[in-house]
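Residues 176 to 475 in our numbering are what the sequence shown lists, from first letter to last. Structure first, then comments.
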Amino acid sequence: MRQIGALPPNLDPKVFEDHLLSLGVKSRFDRNPEGWAVWIFNEDHVARAKQELDAYLSRPDDPKFRESAPAAEARRRREKQLDREYRKNARDVADAWSGVRFRRRPATITMVLIAVVVFVLQHSQRFGPEVVDQLGFFAWTQGEPELRPDHALTDIVHGQAWRLVTPIFLHFSILHIFFNVWWMLVLGTAIERQRGTWRLVVLILVTAVLSNLTEFVYMEWFLRDSHLFGGLSGVVYALFGYVWMKGEYQPEQGLSIDSRNTMLMMVWLFVCMTGAVGPIANAAHVGGLVAGAALGLLRF
């Protein structure tokens, strides 16, 4: 936050505050002996706010300033609505495991339960190899994909279409599943409540297929190698992209994500690409993000 100037005591700060807000600039006015100190919250808006302040000081009676009030009030109402929705999301996630919440969020909770059960079986000595073999993008017990006809798509083109989706349930560490399940609860709950269960199911299925295929194509065409991959992260990035675009371009649908979490998700995406956190299905992350964002831009 930065101070850009001051208003004399004879000018109404509310008029200028409304004008700035109608332009998307958030401000604060502090009373002092000389009048009102003008503070701008976002550093990116400082230059524009200074221009508007100079204009207001030189022509405070210009009708454009008072005519900004309706637009400012509309923006305040929209922000209050989004804040209520965000707080309700947080409460819903906290109560997500109750019976009532399950009935209202069946797709989200079912996804989490499947992922947890698969994780337990996957890491057991008795069932682990079979679980990975049946749910992976390809069956490793049949031999390494690059040594088989048609490579990894052999199993899928011979009728095992579930492999286009089921890798999302494989997780390779506690932290891997913890963070994916957490974001599934947060984002899935919000989407399922606002857009309905069937939309969330379609969103998950479509982006699971696209993110898994993106990872496969990246392996085949760029890495020239095949490796085992899995996890909900591709779908999680799809849900993130969906909510992000809805908040930016269709806020009336009640979905949004704050700038801090947006930055967190994008920074983590690029950190994973550096290889600093080990082998990561980065192509699945990117494919999921692009697919989810594209669907978020539609009226879906």
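In this text, a Cβ means the ideal position worked out from N, Cα and C, and glycines have one as well.
query                                                                                                                                                         : result
Quick one: is Asp187 buried, meaning 16 or more other Cβ sit within 10 Å of its Cβ, or exposed?                                                               : exposed
Quick one, are the C-beta atoms of Val200 and Arg234 less than 9 Å apart?                                                                                     : no
Report the rounded CA-to-CA distance for Gly462 versus Val287, giving the unit in angstroms.                                                                  : 21 Å
Looking at His346 and Phe313, is the spacing between their C-beta atoms short of 9 Å?                                                                         : no
What's the C-alpha gap between Arg474 and Val381?                                                                                                             : 16 Å
Looking at the unbroken beta strand (DSSP E) that takes in Asp205, where does it start and where does it end?                                                 : 202 to 207
With the cut-off set at 9 Å, would you say Leu360 and Thr283 are in Cβ contact?                                                                               : yes
Classify Ile455: buried if its beta carbon has 16 or more other beta carbons within 10 angstroms, exposed otherwise.                                          : buried
Can you tell me whether Tyr424 is buried or exposed, with buried defined as 16 or more other CB within 10 angstroms of its CB?                                : exposed
Starting from Leu182, follow the beta strand (DSSP E) in both directions and report where the run begins and ends.                                            : 177 to 182
Going by beta carbon distance, what residues of the same chain come within less than 6 Å of Ile215, once the five residues before and after it are set aside? : Arg177, Ile179, Ser202, Val221, Ala224
Could you tell me the alpha carbon to alpha carbon distance between Ala181 and Val291, rounded to whole angstroms?                                            : 57 Å
Report the three-state DSSP secondary structure of Ala246 (helix, strand or coil).                                                                            : helix
How many angstroms separate the CA atom of His298 from the CA atom of Thr389?                                                                                 : 26 Å
Suppose the cutoff is 7 Å on Cβ atoms and the five residues either side in sequence are ignored; what does the same chain contact list for Ala246 look like?  : Ser197
Residue ranges of each alpha helix (DSSP H) run of no fewer than 4 residues wholly in the stretch 436 to 475, ordered along the chain?                        : 457 to 472
Using the Cα positions of Gln428 and Asn207, report the straight-line distance between them to the nearest angstrom.                                          : 41 Å
So what does DSSP say about Ala212, is it helix, strand or coil?                                                                                              : strand
Closest to Ala468 by C-alpha separation, out of Met420, Ser434, Leu385, Pro281, would be which residue?                                                       : Met420
With distances taken Cα to Cα, identify the nearest neighbour of Val306 among Thr341, Thr329, Ile352.                                                         : Thr341
What is the rounded straight-line gap between the Cα of Trp337 and the Cα of Ile331?                                                                          : 8 Å
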